[in-house]
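Worksheet for the structure shown next.
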Amino acid sequence: MLKIYHSKQSRSTRVVWLCEEIGVPYTLETLSMFTPEMKTPDYLAIHPLGKVPAIDDGGFVLWETGAIFSYLVARYTDGALIPPHDTHTGARAAQWIGYGENPLTIIMGEVAAHGGPIPDDMKIPALVDRGRAIAPALVGVVERALGDQPFILGDAFSAADIMLVFGLNIARHLRFVNDATPRVQDYCDRLMARPAYQRAAAV
Numbered sequence: 487m488l489k490i491y492h493s494k495q496s497r498s499t500r501v502v503w504l505c506e507e508i509g510v511p512y513t514l515e516t517l518s519m520f521t522p523e524m525k526t527p528d529y530l531a532i533h534p535l536g537k538v539p540a541i542d543d544g545g546f547v548l549w550e551t552g553a554i555f556s557y558l559v560a561r562y563t564d565g566a567l568i569p570p571h572d573t574h575t576g577a578r579a580a581q582w583i584g585y586g587e588n589p590l591t592i593i594m595g596e597v598a599a600h601g602g603p604i605p606d607d608m609k610i611p612a613l614v615d616r617g618r619a620i621a622p623a624l625v626g627v628v629e630r631a632l633g634d635q636p637f638i639l640g641d642a643f644s645a646a647d648i649m650l651v652f653g654l655n656i657a658r659h660l661r662f663v664n665d666a667t668p669r670v671q672d673y674c675d676r677l678m679a680r681p682a683y684q685r686a687a688a689v
């Protein structure tokens, strides 16, 4: 059975959410962020940077969210959640999957972490200042792209939505998703109401 190395409220939530959407059975190996257990020799053999997510699928170990998404969708589904990259829809999905991680989640995560929970000796205040300066523009890109669509690619839910909503939810907690971005607010509400998301967020 697929094993997901996971920390609550971290990027690995996206992998759990994807598995819930596509019905892939999994077990969780839950680790605590910013603790020594992320840097043990055993775990560094799984993820060389001591981060999450990572997966172990019958002895095949993989890390990095985008790579994990591509693998799981190709291996366990008909591929609809990440259309072929030689189609316009597939190329657009790849664009938003990339954007959902970098810059969106990278920047929002830096503001949240360096402005809050990480140990003081690890904090870099300049990252918070930089992130706060560009965060409204990052959310605005999604606001304009959504238009009247229910999902980022149009009428169909995709893996790109999972990648985007994680970073947008951080932005919402930081109040960069607000009355100036009503489409993003509705989009987050709609996606986070999905039963698969609710199950993933609970673990």
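Under this note's numbering, the residues of the sequence shown are numbered 487 to 689, in order.
For glycine and all other residues, C-beta sits at the position ideal for the given N, C-alpha and C.
Length of the line joining the Cα atoms of residue i and residue j
{"i": "Ile568", "j": "Arg680", "result": "19 Å"}
{"i": "Arg676", "j": "Ala645", "result": "15 Å"}
{"i": "Thr667", "j": "Pro636", "result": "15 Å"}
{"i": "Ala682", "j": "Pro611", "result": "36 Å"}
{"i": "Asp665", "j": "Ile532", "result": "42 Å"}
{"i": "Leu660", "j": "Ala598", "result": "7 Å"}
{"i": "Phe652", "j": "Arg500", "result": "7 Å"}
{"i": "Glu629", "j": "Asp564", "result": "29 Å"}
{"i": "Ile656", "j": "Gly595", "result": "7 Å"}
{"i": "Leu558", "j": "Val502", "result": "11 Å"}
{"i": "Ala580", "j": "Arg497", "result": "18 Å"}
DSSP state of residue i mapped onto helix, strand, coil
{"i": "Lys489", "result": "strand"}
{"i": "Ile541", "result": "strand"}
{"i": "Glu515", "result": "strand"}
{"i": "Phe546", "result": "strand"}
{"i": "Phe637", "result": "strand"}
{"i": "Ser496", "result": "coil"}
{"i": "Ser644", "result": "coil"}
{"i": "Asp665", "result": "coil"}
{"i": "Val559", "result": "helix"}
{"i": "His533", "result": "coil"}
{"i": "Phe520", "result": "coil"}
{"i": "Val689", "result": "coil"}
{"i": "Tyr510", "result": "Looking at the sequence provided, one finds Val at residue 510 rather than Tyr. Coil at Val510, not helix or strand."}
Cβ-Cβ separation, residue j to residue i (assumed contact under 8 Å), whole Å
{"i": "Leu761", "j": "Arg578", "result": "In this structure the chain extends from 487 to 689, so residue 761 is not present and cannot be described."}
{"i": "Ala686", "j": "Glu506", "result": "5 Å"}
{"i": "Val547", "j": "Ala553", "result": "Not confirmed; about 11 Å, so no contact."}
{"i": "His574", "j": "Val538", "result": "No, His574 and Val538 are not in contact; Cβ-Cβ is about 33 Å, not under 8 Å."}
{"i": "Ile593", "j": "Ala631", "result": "Their Cβ separation, rounded to whole angstroms, is 17 Å, which puts Ile593 and Ala631 out of contact at 8 Å."}
7 Å Cβ cutoff met for residue i and residue j
{"i": "Glu523", "j": "Leu517", "result": "yes"}
{"i": "Leu535", "j": "Val510", "result": "no"}
{"i": "Phe520", "j": "Ile604", "result": "yes"}
{"i": "His600", "j": "Leu590", "result": "no"}
Residue i Cβ short of 6 Å to the ligand NAP heavy atom set
{"i": "Ala531", "result": "The ligand NAP is not part of the structure shown, which contains no ligands of any sort."}
| query | So does the stretch 522-540 actually touch the stretch 576-590, counting three or more Cβ pairs closer than 8 Å? | reply | no
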